[in-house]
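Quick notes on the structure that follows.
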Amino acid sequence: MKALKISSGILFLGLSLFQVSCSSETIKTKTESKGNITTSAEFEIRGIDLNSYEILAEIEYLPVKNSTCEITSFQNLLQKNFEILIQDPYFDIDIAFYLRDLHRKYVTHYIGPNYYGSDGQYNHLEAKRLRELQKFWQLDRQIYLNGQHTATLEDPKQLADMIESFDRSIRNATEARIKALQIIEAYEKSRQIPENTFFALDAFTRSNGLLVISDGILQLLEESGIPGEIAFSGLLAHEWWHQAQFEYNLQWENDYTENPELLRELEADFAAAYFLGHKRGATYNWKRIESFFDMTYNSGDCFTESPGHHGTPAQRLKAAQSGFALAYSEKKKGKPGKPLEIHTAFLQSM
Ligand SMILES: [Zn+2]
171 MKALKISSGI
181 LFLGLSLFQV
191 SCSSETIKTK
201 TESKGNITTS
211 AEFEIRGIDL
221 NSYEILAEIE
231 YLPVKNSTCE
241 ITSFQNLLQK
251 NFEILIQDPY
261 FDIDIAFYLR
271 DLHRKYVTHY
281 IGPNYYGSDG
291 QYNHLEAKRL
301 RELQKFWQLD
311 RQIYLNGQHT
321 ATLEDPKQLA
331 DMIESFDRSI
341 RNATEARIKA
351 LQIIEAYEKS
361 RQIPENTFFA
371 LDAFTRSNGL
381 LVISDGILQL
391 LEESGIPGEI
401 AFSGLLAHEW
411 WHQAQFEYNL
421 QWENDYTENP
431 ELLRELEADF
441 AAAYFLGHKR
451 GATYNWKRIE
461 SFFDMTYNSG
471 DCFTESPGHH
481 GTPAQRLKAA
491 QSGFALAYSE
501 KKKGKPGKPL
511 EIHTAFLQSM
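Counting from 171, one number per residue, gives the positions in the sequence shown under our numbering.
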């Protein structure tokens, strides 16, 4: 087993760089990209670049952090879980990122039987919310959800499939099977590899209609006090709105001025709260919507200077509150606003 020593100073810097953001990558126009996956929107955890990491440690540079911004309990849990992972006696940075990246590629391309939540506890909710969301906004596209589970990495067949599909050093199925078994055997006694949330921490969207929600995000949100059902519905509604952004990209793209990525994220929070609070949507009452507000607050981060920053806790909370206020004000109207109306209302709320 390869030993890895990380001094506490470097660890601190690493964790400072380690952030989750519910983000929307730049949405490209159709002329810029012809591939099926032209765009993406992610609730992603950015990896640690070990090269810059060492340089940072040498010059003792701390990333700029907005001093008025609070580190949320979700962010703290994220850090804590990562600390637990790297303290595992079996921890190896190369294998950790190898498995995490394989898993992300696998869940992006996987089509087949699925379940939602580590024990399938959200299967019924998934079907219900998907029906509701489809009816609510009537987007002209096939949208499907892949669950991401650490258990997939413990399954020899699925791990071999991932390796065969995405590990370029592997030439055939036999080599992939051997490598999968070697990995499973090497980490059999580890309590963190691959059980740690680090290995299933994705929640993102692709323009081909794919949505991904991982058990890791759900678990950490639950641990930070958000009921699981609300975390699941909130993530789903948020990612669903990114599909609306893809669908109306040509009409809307010039509306996102200054910081398009940040605006697309805040709009997804706004729209998710609108859906959750609307009587034709998830019909959340005050108590439930409060939990969703907590969730959006928790999802914010303080790395306002980071290129991937997608809203401070306060900004994300405000967007969700504005979306809910709109739903509440339309109580008597009945019919939900069309995507363009929601988009316009969001821009006016900014
Ligand atoms: Zn997002």
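Yeah, the Cβ is synthetic: ideal placement off N, Cα and C, and Gly gets one too.
Measure the alpha-carbon distance for residue i versus residue j and round it to whole angstroms.
i: Asn246; j: Ser384; result: 18 Å
i: Arg347; j: Pro326; result: 7 Å
i: Arg450; j: Arg270; result: 38 Å
i: Arg321; j: Lys503; result: Position check: residue 321 holds Ala in this sequence, whereas Arg was assumed. So the alpha carbons of these two residues sit roughly 45 Å apart.
i: Tyr168; j: Gln291; result: Nothing can be reported for residue 168: it is not among the residues displayed for the chain, which extend from 171 to 520.
i: Asn206; j: Gln352; result: Unreliable positioning characterises Asn206 in this predicted model, as indicated by a pLDDT of 32, which lies under 50. The coordinate reading is nonetheless provided below. Computed Cα separation, rounded: 34 Å.
i: Gln491; j: Arg376; result: 26 Å
i: Glu240; j: Ala515; result: 28 Å
i: Gln328; j: Ser335; result: 10 Å
i: Arg338; j: Phe440; result: 41 Å
i: Lys505; j: His448; result: 9 Å
i: Thr474; j: Met465; result: 19 Å
i: Gly287; j: Ser519; result: 34 Å
i: Cys472; j: Gln249; result: 14 Å
i: Ile281; j: Glu365; result: 23 Å
i: Pro283; j: Ala330; result: 17 Å
Going by beta-carbon coordinates alone, are residue i and residue j separated by less than 8 Å?
i: Glu417; j: Leu381; result: no
i: His279; j: Leu323; result: no
i: Leu446; j: Arg486; result: no
i: Leu388; j: Ala401; result: yes
i: Ala370; j: Gly404; result: no
i: Thr482; j: Gly470; result: yes
i: Gly317; j: Tyr285; result: yes
i: Phe368; j: Phe252; result: yes
i: Gln413; j: Leu309; result: yes
i: Leu295; j: Glu399; result: yes
i: Ser360; j: Asp258; result: yes
i: Ala484; j: Tyr444; result: no
i: Gln421; j: Gly379; result: no
i: Ile363; j: Lys349; result: no
Could you tell me if the beta carbon of residue i falls within a distance shorter than 7 Å of some heavy atom in ligand 3?
i: Glu437; result: This structure lacks ligand 3; its bound ligands are ligand 1.
So with Cβ pairs under 8 Å, would you call residue i a contact of chain C?
i: Ser476; result: In the structure shown, chain C does not exist; there is a single protein chain.
How do the segment 388–401 and the segment 422–433 stand: do at least 3 beta-carbon pairs fall below 8 Å, yes or no? no
Is there contact here, the segment 350–357 with the segment 303–310, by at least three beta-carbon pairs under 8 Å? no
Unbroken stretches of the alpha helix (DSSP H), 4 residues or longer, contained in the segment 237–263: 243–257
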